[in-house]
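Reading the sequence shown from the start, the letters are residues 1 to 317 in the UniProt record's numbering.
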Amino acid sequence: MNFDHETSKLDFVRHRKTFFGISIAFLLTGIILLATMGLNLGIDFESGTTVDVLTEEAVTAEEIENEFQSIGFEPDDVVLAGDNNEIGRASFIGGLDQQESLQIQSHFEEEYGAVPNVSTVSPIVGQELAQNAIISVLIATVGIIIYVTIRFELLYGIAAIVALFHDALFILTVFAILQMEVNIPFIAAVLTIIGYSINDTIVTFDRIRENLEREEKVETFEKLAQVVNKSLVQTLARSINTVLTVVFAAGALLVFGGDGLRVFSLALVVGLAAGTYSSLFIAAQLWCIMKYRSIKRKLAKQADEERKLALQENGTT
């Protein structure tokens, strides 16, 4: 896939308000859902207990749920693991006491001939995991701002961070709508997307900077928009080809990876789409707007200095 910027009629900057409007509408919906419904936090971030039921043959999630129900327990979630789905992992938000754990182990030992593994996450551990996840995202964000600012300029860094927050909130919105469990693999997927998205954005910014340096003078928004559009068309094929390659791999994980990888792979697919969208339709257009305002302020300052100089010269004569 390739695009010729000389003959292409694509005009990304012209439709910037439409792109901004779509993102704002979707993200506002996400904020409302997060404030009302919230996220479906797994036991990684909530206190709870996981029970790994070991079997010799493949089982289904329904079979595991029925076995728990037969002894009076209702798991919040059941996922399958193992090469042949011979492990059923049941999650209980809020946790189980020692007597309940022993009862479950005794039942499944009699049923399948193996003692289930029981592990509990305390509220303190869950809180620490949540705090560490937030801190890791913030550290990555600060590092990106510093790097992009040093390599380019502050305006590029601001545009890149806005795009990254757009991607992260986009993923949270999708998971709030689907009410899928948010766990440690989800955080790993978000951090992966942050790395992918900033890489794609930097490639685009690098091309914008190169094309801008080739222009003798850029003083109008139309000229600046022309440079941005040219740069986006030049990097469009690379962005699409790259995201398709990664989406095929993430899609394969989503379809064939099993329940254990479903959260990670879905977050990856959604984040890849959001990252490509933000690199093309959010970050570059936002930079274009901020850059033009900076140029206007610079031109106004120069005009003001020239006017003062002219007045001084007239005064001396």
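We treat Cβ as the ideally placed atom computed from N, Cα and C, and that holds for glycine. Please read these numbers as outputs of a predicted model, since none were measured by experiment.
Discussion item. Once the 5 residues before and after residue 235 are set aside, which same chain residues still bring their CB inside 8 Å of it?
Written reply: Along the sequence shown, read from residue 1 onward, the residue named residue 235 stands at position 235. 203, 204 and 207, listed in sequence order.
Discussion item. Does the structure place the stretch 259 to 274 close enough to the stretch 128 to 140 that three or more beta carbon pairs sit under 8 Å?
Written reply: No, the stretch 128 to 140 does not touch the stretch 259 to 274.
Worksheet entry | Nearest-angstrom Cα separation, counted from residue 95 out to residue 63 | Counting from 1 along the sequence shown, the entry for residue 63 is found at position 63. Counting from 1 along the sequence shown, the entry for residue 95 is found at position 95. Their Cα atoms are separated by approximately 21 Å.
Worksheet item: Who are the Cβ neighbours of residue 250 in its own chain at under 8 Å, not counting the five residues just before and after it?
Response: Residue 250 sits at position 250 when you count from the first residue of the sequence shown. The beta carbon of residue 250 sits closer than 8 Å to the beta carbons of 265, 268, 269 and 272 from its chain, once the five residues preceding and following it are set aside; these are given in chain order.
Worksheet item: With a CB to CB cut of under 7 Å and the five nearest residues on each side skipped, what residues in its chain are close to residue 145?
Response: Locating residue 145 in the sequence shown gives position 145, counting from the first residue. Closer than 7 Å at Cβ, skipping near neighbours: 157 and 161.
Worksheet item: Looking only at C-alpha atoms, which of 127, 200, 221 and 77 sits nearest to residue 163?
Response: Here residue 163 refers to the residue found at position 163 when the sequence shown is read from its first residue. The option with the nearest alpha carbon to residue 163 is 200.
Item to complete: With DSSP as the reference, label residue 228 as helix, strand or coil.
Response: In the sequence shown, the residue the question calls residue 228 occupies position 228. Of the three classes helix, strand and coil, the one that applies to residue 228 here is helix, per DSSP.
Worksheet entry | Local Cβ density within 10 Å of residue 285, reported as buried at 16 or more and exposed below that | Start at 1 with the first residue of the sequence shown, and residue 285 comes out as number 285. Only buried fits residue 285, as 16 or more other CB atoms lie within 10 angstroms of its CB.
Worksheet item: Since residue 188 is in the alpha helix (DSSP H), which residue starts that stretch and which ends it?
Response: Taking the first residue of the sequence shown as position 1, residue 188 is located at position 188. Residue 188 -> alpha helix (DSSP H) spans 184 to 214.
Worksheet entry | Beta-carbon proximity of residue 16 to residue 50, cut-off 8 Å | Locating residue 16 in the sequence shown gives position 16, counting from the first residue. Locating residue 50 in the sequence shown gives position 50, counting from the first residue. No.
Discussion item. Among the candidates 209, 263 and 218, whose CA atom is the shortest distance from the CA of residue 178?
Written reply: On the sequence shown, residue 178 is found 178 positions in, with the first residue counted as 1. Comparing Cα positions, the closest option is 263.
Worksheet item: Since residue 58 contacts residue 84 with CB under 8 Å, what's their CB separation in whole angstroms?
Response: Here residue 58 is taken as the residue at index 58 of the sequence shown, counted from 1. Here residue 84 is taken as the residue at index 84 of the sequence shown, counted from 1. Contact flag correct, Cβ pair sits at about 5 Å.
Worksheet item: Counting pairs of beta carbons, one from the stretch 213 to 222 and one from the stretch 69 to 80, are three or more of them closer than 8 Å?
Response: Contact between the stretch 213 to 222 and the stretch 69 to 80 is absent, because fewer than three Cβ pairs lie under 8 Å.
Worksheet item: Based on the DSSP secondary-structure assignment, which residues constitute the bridge partners of residue 73?
Response: Numbered from its first residue, the sequence shown carries residue 73 at position 73. Partner residues in a beta bridge of residue 73, as assigned by DSSP, do not exist.
Worksheet item: Skipping 5 residues on each side, what residues in its chain have a beta carbon closer than 6 Å to that of residue 231?
Response: What you label residue 231 is simply residue 231 of the sequence shown in a count that begins at 1. 207, 208 and 211.
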